[in-house]
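These notes concern the structure reproduced below.
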């Protein structure tokens, strides 16, 4: 397994140093599975400006919220009876209902909490466990109706900088036979790796990261956590790997509990570093033959320029499709490890 780094050095006459010649380093990296490239530059401080959540909350409630308890049963749609006679799926505070703006034939929304505003460090384990479990309940119902689900995709945009149209914590979930370009590339690369080596890339990745101890974080139950060698976010990502789990329906309650334990560690880190927004995605196969282990990414989001409210997706990411990050993954791992060490 190759972790390829391509260092770059820029020579310039720096006005901050009376135009003395200065050398500035940056780096390209190649993803060890897909060989996709990413860049590391413009190195960040690791501390981000605070956000006025109260003002954000007031603005978000100005026109009401369809996910709040007093509205959810009045304005959200119901599933046809063949999916569930109850119309919606429920566990604890979590509710699943059809998406009025669907991404595919079977497309739904999971509302995670009853509370409209939940700061990153104030989620409970039970809230996330129920939300993920009830999402899987929905996929099971789709499979029973269709005899298959294809890829059961779970994703979340937490807070506006991650693309959330509503502040109320929720996830998008959908079953599809088209996994999207990123997951499709991972599956094809995982199949090639298996054909060449006779075992899965994901097993080798965990072993290699544990051996190197540069980006490996910890195990929470059966779930293994690493900082990816090539992040997708300009702040950084964290990846959870579910060994020997190939589809979203393979995940057990113990798997979900282990994942949530790690997620709460990450959310505490976010609180301490003023990172208030993230994306979450699960990457499953549709069968064992895809040779991909279910894994999930938490991708930190923020503003490149808080003063100008500049988003963190610029031309490099949007039109050249190349990830760009300001924090070395190895440095991110050093920051995160103490949070995983405190149970």
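Residue numbers (the numbering used here): 312 to 654.
Here a beta-carbon is modelled for each residue, glycine too, at the ideal position from N, C-alpha and C.
Query: In chain order, which continuous runs of the alpha helix (DSSP H) of length 4 or greater are located wholly inside the segment 488 to 528?; Result: 492 to 508, 512 to 523
Query: Around the Cβ of residue 405, are there at least 16 other Cβ atoms within 10 angstroms (buried) or fewer (exposed)?; Result: buried
Query: Grouping DSSP H, G and I as helix and E and B as strand, with all else coil, what is residue 573?; Result: helix
Query: Would you please state the rounded distance, in angstroms, between the beta carbons of residue 640 and residue 539? I believe it to be under 8 Å.; Result: 6 Å
Query: Here's the rule: buried if 16 or more other CB atoms are within 10 angstroms of the residue's CB, otherwise exposed. What is residue 334?; Result: exposed
Query: Do you know whose CA, among 338, 518, 430, 552, lies nearest residue 321's CA?; Result: 338
Query: Which residue marks the beginning of the beta strand (DSSP E) containing residue 591, and which one marks its end?; Result: 588 to 594
Query: Taking the C-alpha atoms as reference points, what is the distance between residue 443 and residue 436?; Result: 11 Å
Query: Taking the C-alpha atoms as reference points, what is the distance between residue 327 and residue 353?; Result: 16 Å
Query: Taking just the CA atoms, how far does residue 506 sit from residue 345?; Result: 15 Å
Query: Measuring straight from C-alpha to C-alpha, what distance separates residue 272 and residue 609?; Result: Past the edges of the chain, shown from 312 to 654, lies residue 272, and the structure says nothing about it.
Query: To which residues of the same chain is residue 516 closer than 8 Å at the C-beta, ignoring the five residues directly before and after it?; Result: 312, 343, 344, 537, 552
Query: Cα-Cα, which of 457, 614, 547 is closest to residue 349?; Result: 547
Query: Beta carbon of residue 319, beta carbon of residue 336: below 9 Å?; Result: yes
Query: Using C-beta distances below 7 Å, list every residue in its chain close to residue 440, excluding the 5 sequence neighbours before and after it, in chain order.; Result: 567, 568, 571
Query: Leaving aside the five residues before and after residue 519 along the sequence, list all residues of the same chain whose C-beta is less than 7 Å from its C-beta, in chain order.; Result: 312
Query: Could you compute how far the alpha carbon of residue 323 sits from the alpha carbon of residue 467?; Result: 42 Å
Query: Between the Cα of residue 514 and the Cα atoms of 524, 535, 482, which residue gives the shortest distance?; Result: 535
Query: Among all the DSSP beta bridges, which residues are the ones paired with residue 536?; Result: 529, 551
Query: With respect to the beta strand (DSSP E) encompassing residue 616, which residues constitute its N-terminal and C-terminal limits?; Result: 614 to 616
Query: Which runs of the alpha helix (DSSP H) fall wholly inside the segment 352 to 381 and span at least 4 residues, in chain order?; Result: 364 to 371
Query: In terms of residues, what are the limits of the beta strand (DSSP E) holding residue 339?; Result: 331 to 341
Query: Around the C-beta of residue 590, are 16 or more other C-beta atoms found within 10 angstroms, so that it is buried, or is it exposed?; Result: buried
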